[in-house]
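Chains as they are written, first to last, in the numbering used here: chain A, 97 to 337; chain B, 27 to 153. We put the CB at the ideal spot given by N, CA and C, even for glycine. As the structure is a prediction and not an experimental result, all values here were calculated from the model.
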Amino acid sequence: MNEFVQLWVYLSSTPLFGLTATLVVYLLAQALYVRAGQAAWANPVLWSVVALAATLTATGTAYPTYFSGAQFIHFLLGPAVVALAWPLWQRRAALRAHGARFVIAALAGGTAAAVSAVTLAWALGLPADVMLSLAPKSVTAPVAMGVADKIGGVPALAAVFAVLTGMVGALSGKYLFDALGIGTDATGWMARGFALGTAAHGIGAARALQVNADAGAWAALALGLQVLLAAVLIPLVAGWF
Amino acid sequence: MNALRGLTWLLVLQSIGEVLARGLALPLPGPVVGLVLLLFALNWALVRDSVAAVADFLLGHLSLLFVPVGVGVMVHLDLLGRYGLRLAAVIVASTWIGLAVTALLLRALMPDAQSDTAPPGESEGPR
Numbered sequence: 097m098n099e100f101v102q103l104w105v106y107l108s109s110t111p112l113f114g115l116t117a118t119l120v121v122y123l124l125a126q127a128l129y130v131r132a133g134q135a136a137w138a139n140p141v142l143w144s145v146v147a148l149a150a151t152l153t154a155t156g157t158a159y160p161t162y163f164s165g166a167q168f169i170h171f172l173l174g175p176a177v178v179a180l181a182w183p184l185w186q187r188r189a190a191l192r193a194h195g196a197r198f199v200i201a202a203l204a205g206g207t208a209a210a211v212s213a214v215t216l217a218w219a220l221g222l223p224a225d226v227m228l229s230l231a232p233k234s235v236t237a238p239v240a241m242g243v244a245d246k247i248g249g250v251p252a253l254a255a256v257f258a259v260l261t262g263m264v265g266a267l268s269g270k271y272l273f274d275a276l277g278i279g280t281d282a283t284g285w286m287a288r289g290f291a292l293g294t295a296a297h298g299i300g301a302a303r304a305l306q307v308n309a310d311a312g313a314w315a316a317l318a319l320g321l322q323v324l325l326a327a328v329l330i331p332l333v334a335g336w337f
Numbered sequence: 027m028n029a030l031r032g033l034t035w036l037l038v039l040q041s042i043g044e045v046l047a048r049g050l051a052l053p054l055p056g057p058v059v060g061l062v063l064l065l066f067a068l069n070w071a072l073v074r075d076s077v078a079a080v081a082d083f084l085l086g087h088l089s090l091l092f093v094p095v096g097v098g099v100m101v102h103l104d105l106l107g108r109y110g111l112r113l114a115a116v117i118v119a120s121t122w123i124g125l126a127v128t129a130l131l132l133r134a135l136m137p138d139a140q141s142d143t144a145p146p147g148e149s150e151g152p153r
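Okay, here's the thing in structure tokens:
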């Protein structure tokens with residue numbers, strides 16, 4: 097027993113633990129998601145986060161210890177943002193034909209999300225640093241962290257808010273679109289995918305990709321556009337205040 | 027080998043992006059500058075073929091990449107506990123507003139001819 101404890105103490109403090117635990121838990125969550133017929137409530141990010149956080153808490157493992165291993169996965173967010181050029185490039189014909197429409201929709205949706213978040217946070221009396229960390233939450237986590245840092249928010253909080261936003265979009269998007277009368281024809285899938293990529297970033301885009309390949313491609317396009325627009329515009333707007 | 031080359035391209039462009047963003051004090055994060063650079067580089071078949079292999083893999087497993095940051099929620103449980111209800115209201119409401127505005131506006135802006143670019147009903151799965 098004592099040896100087991102020692103072994104655990106050793107293993108849990110190496111980067112191997114965080115990396116392996118993340119992959120194993122995510123693959124299990126993914127299998128559950130497939131078994132549940134890809135139901136929105138079975139979202140693999142949600143359950144991976146819950147299971148890992150519960151495991152760390154139960155075993156008394158500190159988050160930085162876990163992150164020393166998980167950072168190898170986290171690091172890939174950077175190259176993944178660069179890789180977003182690929183879906184943008186693939187859809188360049190649509191971008192050329194409807195570029196202004198996409199930019200208007202992405203700008204309006206992104207602005208609506210950011211402005212409503214900050215206004216609501218202000219109305220509900222949340223502190224300024226929390227409020228500013230909420231502004232970039234519709235943008236994908238690594239960009240949200242960079243933006244929050246530049247406008248006076250807390251990068252770690254911005255990342256958490258971005259993840260929560262993505263989950264809300266992935267979990268409830270379908271019901272919202274159904275209620276709004278957005279159909280499942282080609283234009284409907286385009287609107288659904290593009291909206292998820294705009295307002296619920298990578299997690300919403302991942303959900304769109306799993307539901308419908310076409311919606312996924314539009315989501316990836318929106319994600320790339322949103323990253324570009326938000327990275328340029330949020331610091332500019334924040335500079336005016 | 028192609029995937030390895032693709033990953034190398036992504037990292038090289040991200041590095042150049044970081045150097046440009048910091049060197050020129052651009053308001054953009056480095057990876058975003060890398061995205062713009064790749065957009066131009068993709069016109070070159072040598073880059074395109076290798077990047078395609080790794081980009082589809084990375085973007086196909088995009089949700090995994092958010093797990094490490096997501097687990098960070100546990101560090102902020104006290105803050106989430108203190109402002110939990112208000113934060114939840116802000117996050118849910120603003121996400122719905124963002125989704126609704128984008129979807130409704132894009133559908134209104136798109137000409138009807140757009141509906142023949144892809145066969146409808148490829149997947150009947152619930153969103």
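In the structure shown, what three-state DSSP assignment does residue i receive?
i	result
A/M263	helix
A/N98	helix
B/M27	coil
A/F171	coil
B/D104	helix
A/A209	helix
A/W143	helix
A/V235	coil
A/G133	coil
A/L220	coil
A/W185	helix
B/A78	helix
B/W70	coil
A/V250	coil
Could you check whether the Cβ of residue i sits closer than 8 Å to any Cβ belonging to chain A?
i	result
B/L33	yes
B/L219	A question about residue 219 of chain B goes unanswered here, because the residues of chain B that appear run from 27 up to 153.
B/S76	no
B/V45	no
B/P152	A caution first: B/P152 carries a pLDDT of 45, below 50, which makes its placement in the model unreliable, though a value can still be read off. Answer yes: the Cβ-Cβ gap between B/P152 and chain A drops below 8 Å somewhere.
B/M27	no
B/L39	yes
B/G86	yes
B/L64	yes
B/A81	yes
B/L30	no
B/N72	In the sequence on display, residue 72 of chain B carries Leu and not Asn. Closer than 8 Å: no.
B/L50	no
So, residue i versus residue j, is the Cβ gap smaller than 8 Å?
i	j	result
A/A296	B/R133	no
A/L180	A/L325	no
A/V120	B/G98	no
A/A136	A/L128	no
A/P111	A/Q126	no
A/L272	B/L125	yes
A/G206	B/L88	no
B/P68	B/L39	Just to set this straight, residue 68 of chain B is Leu in the shown sequence, not Pro. Not a contact, by the Cβ cut-off of 8 Å.
A/A209	B/S120	yes
B/A79	B/N28	yes
A/A213	B/V116	yes
A/A266	B/T128	no
B/V58	A/V130	no
A/V239	B/P55	yes
A/A154	A/T118	no
B/V101	A/Y162	no
A/Q322	A/V235	yes
A/A201	B/L135	yes
B/L85	A/P183	yes
A/L276	B/L91	no
Following the continuous alpha helix (DSSP H) through residue i, name the residue where it begins and the one where it ends.
i	result
A/S229	A224 to L230
B/P137	Run containing B/P137: none; DSSP gives neither H nor E here.
A/H297	H297 to V307
A/D281	No alpha helix (DSSP H) holds A/D281; DSSP gives it neither H nor E.
B/G60	G56 to A67
B/P94	V93 to V97
Once you ignore the five residues that flank residue i on each side, which residues in its own chain have a CB closer than 8 Å to its CB?
i	result
A/L253	D225, V226, S229 and A244
B/P146	In this predicted model, B/P146 has a pLDDT of only 44, less than 50, meaning its place in the structure is not dependable enough to derive any value.
A/A282	D310
I'd like to know whether the C-beta of residue i is nearer than 8 Å to at least one C-beta of chain B.
i	result
A/L272	yes
A/P175	yes
A/R197	yes
A/F163	yes
A/A244	no
A/F290	yes
Excluding the five sequence neighbours on either side, which residues of its own chain have a C-beta within less than 6 Å of the C-beta of residue i, listed in chain order?
i	result
A/T157	S108
A/S144	V121, Y122 and A125
A/A315	G289, L292, G293, A301 and A304
Would the C-beta of residue i count as close to the ligand GDP, meaning under 7 Å from any of its heavy atoms?
i	result
A/G262	The ligand GDP is absent from the structure shown, which contains no ligand whatsoever.
Using a Cβ-Cβ cut-off of 7 Å (strictly less than) and excluding sequence neighbours within five positions of residue i, which residues of its own chain qualify?
i	result
A/K270	A136
B/D104	none
A/A100	The residue you asked about is not Ala; residue 100 of chain A is Phe in the sequence shown. Same-chain partners within the cutoff: there are none.
A/G284	I278
Chain D contacts from the segment 107-136 of chain B (Cβ-Cβ distance under 8 Å): Absent from the structure: chain D. Protein chains present are A and B.
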